[in-house]
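2 protein chains.
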Amino acid sequence: MSDLRAAKEAARAVGLLPDGARRGLLRAVAAALRAEAPALLEANAADLAALPGDSAFRDRLLLTPARVEAMAAGAEAVAALPDNLWRTLEDRTLPNGLRLRRVRVPLGVVACIYEARPNVTVDVACLCLRTGNAAVLKGGKEAARTNAALGGLLARALRAAGLPEAAVTLLPPTHEAAEALMAAEGLVDVLIPRGSARLIRAVREKARVPVIETGAGVCHVYVHEDADLALAARVVDNAKTRRVSVCNALDCLLVHRALAGRLGEIVAPCRAKGVGIHAEPEDWGREWLSMDLSVRVVDGLDAALAHIARFGSGHSEAIVTRSPEAAERFRREVDAACVYVNTPTSFTDGGEFGLGAEVGISTQKLHARGPMGLDALTTYKWLIDSDGALRP
Amino acid sequence: MSDLRAAKEAARAVGLLPDGARRGLLRAVAAALRAEAPALLEANAADLAALPGDSAFRDRLLLTPARVEAMAAGAEAVAALPDNLWRTLEDRTLPNGLRLRRVRVPLGVVACIYEARPNVTVDVACLCLRTGNAAVLKGGKEAARTNAALGGLLARALRAAGLPEAAVTLLPPTHEAAEALMAAEGLVDVLIPRGSARLIRAVREKARVPVIETGAGVCHVYVHEDADLALAARVVDNAKTRRVSVCNALDCLLVHRALAGRLGEIVAPCRAKGVGIHAEPEDWGREWLSMDLSVRVVDGLDAALAHIARFGSGHSEAIVTRSPEAAERFRREVDAACVYVNTPTSFTDGGEFGLGAEVGISTQKLHARGPMGLDALTTYKWLIDSDGALRP
């Protein structure tokens with residue numbers, strides 16, 4: 290808890306930094322990542338050596354020179370984004386003379402519990418510092434040595450900028466640290482779990498601090514009767530096979546009954562890559578994260594909308610159609626963070642959306658929805674001025 | 290729970306209504322309130338007759354012809370506000386050809402647990418319907434007959450508009466109904482507790498659905514050394530005595546040490562009205578809700594900011610000063626929903642802020658902060674279109 294009190298103090302210091310100082314800090318982090326790449330790769334090699342040979346974490350944990358460079362470039366990209374702090378969202382003078390402004394301010398302390406991927410450490414730290422927040426990070430035990438090396442690098446960058454190291458606090462990768470974080474009412478402004486559905490559920494059930502849930506994505510593509518089938522096949526293939534382990538990957542293909550006989554064409558590119566096709570109702574609502582795809586033939590747009598309302602997770606949903614009316618109904622009626630027309634769900638990503646990076650992909654409606662970049666890390670306050678107006 | 294499933298279904302119908310239909314519905318509610326005023330007052334009289342003679346709820350529960358007219362006028366005011374649904378928050382075309390839009394959409398099912406005030410029933414129902422949401426309302430048992438009468442009126446207005454009555458669902462005023470609501474994961478998009486600190490704490494601790502906390506307001510006025518003392522006395526008086534039972538009422542006056550000898554002048558108008566002055570440290574952080582006021586002499590702006598950071602509740606804070614620099618530091622450094630300069634905290638209110646009405650005053654940062662009007666009842670979704678762009 291003393292770590293978290295220090296983070297709260299540090300948040301105040303970071304929140305008052307001018308734009309240039311926050312940008313400069315991120316550029317210094319980028320330079321340090323490049324300069325210290327050999328030490329980072331060495332720490333990462335030690336983490337990898339300690340993994341069981343068959344661990345599914347291996348690819349997520351792995352750092353390469355290209356991945357370190359990508360982290361550095363990411364830090365620079367976030368530094369280059371326009372500042373969003375103290376930006377005026379509303380500015381009105383009321384009839385009674387009160388001037389009322391709503392301005393964007395940092396959240397304060399942003400905490401994240403995540404798993405093996407080391408880039409999350411740098412991505413979240415940079416987004417938080419850019420937006421005047423302190424970051425509290427609890428990574429997985431598999432990445433302990435890599436994260437310790439990254440934490441040292443971030444601490445040195447903060448110290449060199451005259452800032453408290455607690456502005457980026459790395460907690461030990463223990464259950465006790467996670468429990469303390471989830472119970473830290475008044476010290477943590479938001480806690481973002483990033484990782485498996487099991488991790489997210491555990492945080493939702495235990496946390497006493499505000500939580501933004503991320504990730505779990507049961508994604509659908511609906512192919513309407515008038516669709517260009519070649520386009521549908523490409524969209525389905527890209528959504529399913531681009532990367533199967535990510536939350537924006539396609540889980541269930543819905544096909545209009547008029548096209549039932551052409552299903553083979555629509556899934557041909559996928560099947561050629563080895564995707565297994567499933568038609569059992571017990572798989573509806575399942576997030577595969579593998580080379581598997583559910584398929585359901587539906588009576589039309591209404592049935593597709595009803596299926597998505599029941600089985601979707603509010604993440605990313607797509608329609609393939611030539612009809613502007615069907616597209617507009619799909620846009621309006623699907624209740625999800627990202628709604629696609631003739632475009633695969635694989636684009637749901639902060640970088641792809643031009644947000645520079647993301648803290649996670651929110652499947653919640655409170656505050657933030659979809660890829661969360663700079664704005665999602667801020668709140669606002671109302672400012673009221675007058676020359677002594679009194680309320681009657 | 291079947292009530293809540295019906296509310297979720299109804300939310301879909303209300304969410305797809307055009308602006309004019311939502312406005313018309315609220316105007317019909319206003320007309321019905323006026324036409325049925327005698328029956329409402331009769332139901333209210335029965336509730337009042339059942340109250341113990343010394344109940345503190347009496348004034349909050351009481352309906353008068355003027356208060357019924359205020360509810361009707363409130364419904365019309367919300368009808369007259371510009372529609373915020375489907376409004377575009379962002380619209381960009383990315384270099385890869387994707388068109389990316391972020392548009393405002395309803396939350397879905399907005400639930401509220403509250404106490405004796407019957408106007409909350411109409412205010413929240415109207416704000417929810419205006420924004421395309423279904424409302425689920427759990428009022429206090431003291432107001433059971435009044436709320437039943439209001440619920441009947443709202444149901445008839447919905448039916449006349451061809452909408453499901455479940456679009457405004459009044460739950461019975463029982464603990465069981467509250468427990469079911471707090472556990473309704475997947476059926477309730479946000480739960481807003483409105484009332485005593487005890488009610489809000491109970492909801493925060495038990496709820497499994499997303500919650501926006503409202504209300505608890507430990508409010509300060511800091512009088513800086515250069516303040517106009519006559520203005521300070523008026524601000525303190527209005528903030529403290531305008532209505533002492535409300536969350537925006539002043540709880541603690543902080544005075545610069547240079548003005549310690551003039552404290553009597555600053556509190557003179559309050560004392561003349563019978564406000565009791567308290568200087569015990571154990572009262573710092575106390576929300577009085579009565580004709581009492583804590584006072585502390587502080588060394589200056591830094592000490593005032595530190596006091597507010599430690600004892601404030603993030604609701605409303607004010608400074609009285611002639612110095613633009615002191616005012617700007619106060620605005621930037623105070624972490625609260627509403628930050629006032631030379632203006633009393635009594636203005637923190639949706640109506641005063643031009644929001645038409647409010648669902649509550651949020652002391653949270655996630656999603657909404659301060660008086661919550663139309664925008665606070667909406668979220669957004671991202672819309673993505675292309676002619677078959679694939680993610681590389």
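Chains as they are written, first to last, in the working numbering: chain A, 290 to 681; chain B, 290 to 681. Glycine included, every Cβ here is placed at the ideal spot set by N, Cα and C.
Next on the checklist: Would the region 445-462 of chain A count as touching the region 366-376 of chain A if we require 3 or more Cβ pairs under 8 angstroms?
Outcome noted: no
Checklist entry - In angstroms, rounded to a whole number, what distance separates the CA positions of Leu378(A) and Leu672(A)? => result Straight-line spacing of the CA atoms in Leu378(A) and Leu672(A) works out to 11 angstroms.
Checklist entry - Name the chain A residues whose beta carbon is nearer than 9 angstroms to that of Cys627(B)? => result Lys670, Trp671, Leu672 and Ile673
Item to check | Backbone CA spacing between Ala455(A) and Arg390(A) [nearest angstrom] | outcome: 31 angstroms
Checklist entry - In the region 470-496 of chain B, which residues sit with their C-beta less than 7 angstroms from some C-beta in chain A, listed in chain order? => result Asp478 and Val479
Checklist entry - Among residues of its own chain, excluding the 5 on either side of Ala450(A), which ones have a beta-carbon nearer than 8 angstroms to its beta-carbon? => result Ala310, Gly313, Leu314 and Ala317
Checklist entry - Cα separation between Glu647(A) and Gly363(A)? => result 10 angstroms
Checklist entry - How long is the line joining the alpha carbons of Leu480(A) and Pro482(B), rounded to whole angstroms? => result 22 angstroms
Checklist entry - What separation, rounded to the nearest whole angstrom, lies between the Cα atoms of Ser612(B) and Arg523(B)? => result 18 angstroms
Item to check | Whole-number beta carbon distance between His509(A) and Gly615(A), since they are thought to touch under 8 angstroms | outcome: Checking the sequence shown, residue 615(A) turns out to be Ala, not Gly. In fact, because the Cβ distance is near 15 angstroms, the residues do not count as touching under 8 angstroms.
Item to check | His464(A) versus Tyr403(A), Leu418(A), Glu358(A) and Leu452(A), residue with shortest Cα-Cα distance | outcome: For His464(A), the nearest C-alpha among the options comes from Tyr403(A).
Next on the checklist: Does the CB of Pro499(B) have a neighbour CB from chain A at under 8 angstroms?
Outcome noted: At least one chain A Cβ lies under 8 angstroms of Pro499(B).
Checklist entry - Which residues mark the beginning and the end of the alpha helix (DSSP H) in which Pro613(A) is found? => result Counting along the chain, the alpha helix (DSSP H) containing Pro613(A) begins and ends at Pro613 to Glu622.
Checklist entry - With a CB to CB cut of under 8 angstroms and the five nearest residues on each side skipped, what residues in its chain are close to Asn373(B)? => result Arg393, Thr420, Leu663, Asp664 and Thr667
Item to check | First through last residue of the beta strand (DSSP E) which encompasses Ala607(A) | outcome: Ser605 to Val609
Next on the checklist: Between Phe642(B) and chain A, is any beta-carbon pair separated by less than 8 angstroms?
Outcome noted: Chain A, which has a Cβ nearer than 8 angstroms to the Cβ of Phe642(B), makes this yes.
Checklist entry - At what residues does the alpha helix (DSSP H) containing Lys529(A) begin and finish? => result Leu518 to Thr530
Next on the checklist: Output needed for Glu474(B): all residues of its chain with C-beta closer than 7 angstroms, excluding positions within five of it in sequence on either side, in chain order.
Outcome noted: So the qualifying residues of the chain are Arg497 and Val498.
Item to check | Interface residues of chain A facing Leu396(B) [CB-CB closer than 7 angstroms] | outcome: Lys654
Checklist entry - Along the region 612-626 of chain B, what residues have a CB closer than 9 angstroms to any CB found in chain A? => result Flagged, chain order: Ala616, Arg620, Arg621, Glu622, Val623, Asp624, Ala625 and Ala626.
Next on the checklist: Please report the distance separating the alpha-carbon of Ala400(A) from that of Ala355(B).
Outcome noted: Approximately 49 angstroms, taken between the alpha carbons.
Item to check | Rounded C-alpha distance that separates Asn631(B) from Ala405(A) | outcome: 51 angstroms
Item to check | The alpha helix (DSSP H) enclosing Ser291(A), as first and last residue numbers | outcome: Ser291 to Gly304
Next on the checklist: Could you compute how far the alpha carbon of Arg323(A) sits from the alpha carbon of Thr410(A)?
Outcome noted: Distance between the alpha carbons of Arg323(A) and Thr410(A) is about 16 angstroms.
Item to check | Buried or exposed by the 16-neighbour rule on C-beta atoms within 10 Å, applied to Glu502(A) | outcome: The residue in question, Glu502(A), is buried, as its Cβ has 16 or more Cβ neighbours within 10 Å.
Checklist entry - Excluding five sequence neighbours on each side, which residues of the same chain lie with their C-beta closer than 7 angstroms to the C-beta of Val525(B)? => result Val510, Leu539, Leu542, Ile555, Val556 and Cys559
Checklist entry - Rounded to a whole number of angstroms, what is the C-alpha to C-alpha distance between Thr634(A) and Ala466(B)? => result Roughly 39 angstroms between the two C-alpha positions.
Checklist entry - Which stretch, first to last residue, makes up the alpha helix (DSSP H) that contains Gly440(A)? => result Ala433 to Ala449
Next on the checklist: If I measure Cβ to Cβ from Leu594(B) and keep anything under 6 angstroms in the same chain, skipping five residues before and after, which residues do I get?
Outcome noted: Counting only Cβ-Cβ distances below 6 angstroms, and skipping sequence neighbours, we find Glu622.
Next on the checklist: So with CB distances below 9 angstroms, who are the chain A contacts of Leu305(B)?
Outcome noted: Arg621 and Glu622
Checklist entry - How many Å lie between Thr458(A) and Met580(A) at the Cα? => result Between the C-alpha atoms of Thr458(A) and Met580(A) there is a straight-line separation of about 38 angstroms.
Checklist entry - Do Asp588(B) and Arg546(B) come within 8 angstroms of each other at the CB atom, strictly closer than that value? => result yes
Checklist entry - Of all the options Gly574(B), Ala549(B), Thr530(B) and Arg585(B), which has the alpha carbon lying nearest to the alpha carbon of Lys562(B)? => result Thr530(B)
Checklist entry - So is Asn385(A) buried or exposed if we call it buried at 16+ other beta carbons inside 10 Å? => result exposed
Item to check | Closest Cα partner of Val500(A) within the set Asp676(B), Leu337(B), Ser291(B) and Leu655(B) | outcome: Leu655(B)
Checklist entry - Tell me which same chain residues have a C-beta within less than 6 angstroms of the C-beta of Ala414(B), skipping the five on either side of it? => result Ala424, Leu443 and Val457
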